[in-house]
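Please read the structure below before turning to the comments.
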Amino acid sequence: MPAPSFSDGRGRCLVAGWFSFHGGGATAGDLITRDLTCDWLRSAGYDVDVAVIPAFAPGVDWRVVDPGRYELVVFVCGPFTRGEFEAEFLTRFSGCRIIGLNLSMLMPLEAWQPFDVLFERDSSERVSPDLAFLSASALPPVVGVCLVEDYPDALVQEANDAVRRLTDSRELTLVHIDTRLEANESGLRTPGEVEALIARMDAVIATRLHGTVLSLKNGVPVVAIDVLGDGRKVLRQCERLGWPLAFAADQLEDASLSDALAYCLTAPARRAAEEAATRARAVAAEVRLGFLDAVRRP
C-alpha cells in the first residue's frame with residue numbers, strides 16, 4: 001500500500017456513512033454527525049474527504065478513490081451489521097485503520113466487531129448518547145407558505161413563481177399551510193389547527209387573505225401578495241391595518257420580496273405585526289358593537 005500523504009503531521013481521512021450509499025436512507029442526524037466528525041478531524045490536523053452520493057455533494061465516491069490514500073477511515077452514524085453494503089465497504093478499505101463512530105451495532109460484539117476502534121451509540125455492551133447532542137448548528141428560520149388556489153383573472157402563477165424564487169434564495173424550513181378545510185392539503189382538520197400552525201412560524205409568505213390575517217393576528221410577520229392586480233382584498237386589508245409588507249402580483253420584484261422577508265425575521269417586524277393586530281382588534285370591536293345594535297332593533 002502506498003505511504004499516506006501527511007498534513008500537519010497527521011494524514012488524510014475518509015469519512016463515510018449512509019450518506020455514501022445509494023439507497024442508504026441517510027437522515028438529518030447522519031449529516032449532522034458527519035459534519036461534527038469532520039470538524040473534529042480537522043481540529044486534529046487531518047485533511048478530510050467525505051464519501052457521498054451525488055445528492056449530498058460535494059465529496060468523493062468511495063468506490064473510485066484509492067484506499068491507499070487514507071491513513072484513517074471513519075464510518076459514522078446509523079445502524080451497522082454484516083450486510084452487503086457494509087461488507088463491500090469494509091473489504092475495500094481493509095488495509096486502512098477503520099473507526100466506527102456513533103453506530104448502532106445490530107449484532108452482538110462477541111460475534112462480530114469489524115472496527116479497529118469502535119465508539120458505538122449502542123451495542124450488546126453499552127449505550128452512549130447520540131453525538132448529535134454536541135452539534136451547534138445555526139438553525140434556519142421556519143417560514144409558512146400559504147398560497148391561494150388558481151382562479152380566473154388572478155395572477156396566481158406569477159405570484160407562485162415569485163414565491164418559489166424567494167424561498168429558493170436562502171436556507172429556510174418551509175411549512176406549506178392550507179387554510180381550506182373541506183379538503184386540506186396540509187392534513188389540518190380544524191380552524192384551531194390552522195391557526196396554531198401559523199402562530200408558531202417565524203414568518204409567513206401568503207397569497208391568501210386569511211394567511212395574512214391569521215399571521216398578523218398572532219404577531220407573525222407576513223409577506224403578503226395580492227394576486228389581483230387592483231388589490232381587491234389583500235392589499236386593502238394590509239393598508240387598513242397599517243402593515244407595509246404587501247405587494248401586488250403584477251408589480252413583484254425579487255429584491256423587494258427578499259428585503260421584505262429579511263425584515264420579517266427581525267424583532268422589530270414582530271413588534272410591528274403585534275401592533276397591526278392591536279389596531280385591527282380595536283376597529284373590529286366597533287363592528288361588533290354595530291352588529292349587536294343592528295340585531296337588537298325591532
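Here our numbering is used: position 191 in the sequence shown is 191, and no number is missing along the way. Backbone N, C-alpha and C fix where the C-beta goes; we use that ideal spot for every residue, glycine too.
- prompt: Run through DSSP, which three-state label would residue 38 get?
  reply: helix
field: residue 110 (DSSP reduced to helix, strand or coil)
entry: In the three-state DSSP reduction, residue 110 falls in the coil class, being neither helix nor strand.
message: Here's a check: name, in chain order, each residue in its chain whose Cβ is nearer than 6 Å to the Cβ of residue 50, leaving out the five neighbours to either side.
response: 15, 59
message: Suppose the cutoff is 7 Å on Cβ atoms and the five residues either side in sequence are ignored; what does the same chain contact list for residue 227 look like?
response: 148, 154, 155, 156, 159, 207, 249
message: Using the three-state DSSP reduction, which class does residue 191 fall into: helix, strand or coil?
response: helix
task: Out of 24, 174, 78, state which residue places its alpha-carbon closest to the alpha-carbon of residue 54.
output: 24
query: What's the C-alpha gap between residue 172 and residue 83?
result: 36 Å
query: Do you know offhand how far residue 201's Cα is from residue 243's?
result: Across the structure, residue 201 and residue 243 are spaced so that their CA atoms are roughly 18 Å apart.
- prompt: Where residue 93 and residue 35 are concerned, what is the direct C-alpha to C-alpha distance, given to the nearest angstrom?
  reply: 21 Å
task: Spell out a yes or no on whether the stretch 132-148 and the stretch 111-124 are touching, meaning 3 or more CB-CB pairs, one atom from each, closer than 8 Å.
output: no
query: Three-state secondary structure (DSSP) at residue 11?
result: strand
field: Per DSSP, cross-strand counterpart(s) of residue 79
entry: 104
message: Using DSSP's beta-bridge definition, name the partner residues of residue 144.
response: 175, 204
field: Between the CA atoms of residue 73 and residue 11 - distance to the nearest angstrom
entry: Cα to Cα, residue 11 sits roughly 11 Å from residue 73.
Collapsed DSSP secondary structure at residue 232 in the structure displayed: Here DSSP, grouped into helix, strand and coil, assigns residue 232 to coil.
task: Go ahead and label residue 120 buried or exposed: buried means 16 or more other beta carbons lie within 10 angstroms of its beta carbon, across all protein chains shown.
output: buried
- prompt: In or out: residue 168 buried (at least 16 other Cβ within 10 Å) or exposed?
  reply: exposed
- request: State the DSSP-derived secondary structure class of residue 281, mapped to helix, strand or coil.
  value: helix
message: Between which two residues does the beta strand (DSSP E) holding residue 46 run?
response: Secondary structure note for residue 46: its beta strand (DSSP E) is the uninterrupted segment 46-50.
- prompt: Do you know how far the Cα of residue 44 is from the Cα of residue 80?
  reply: Going from the Cα of residue 80 to the Cα of residue 44 covers about 26 Å.
- request: Specify the secondary structure class of residue 133 as computed by DSSP and reduced to three states.
  value: Residue 133 falls in the helix class under three-state DSSP.
message: Quick check on residue 212: buried or exposed, where buried means 16 or more other Cβ atoms within 10 Å of its Cβ?
response: buried
field: Cross-strand partners of residue 72 (DSSP beta bridge)
entry: 13, 97
task: Check the C-beta distance from residue 65 over to residue 20 and give it rounded, since I have them as a contact under 8 Å.
output: A Cβ-Cβ separation of about 11 Å leaves residue 65 out of contact with residue 20 under the 8 Å criterion.
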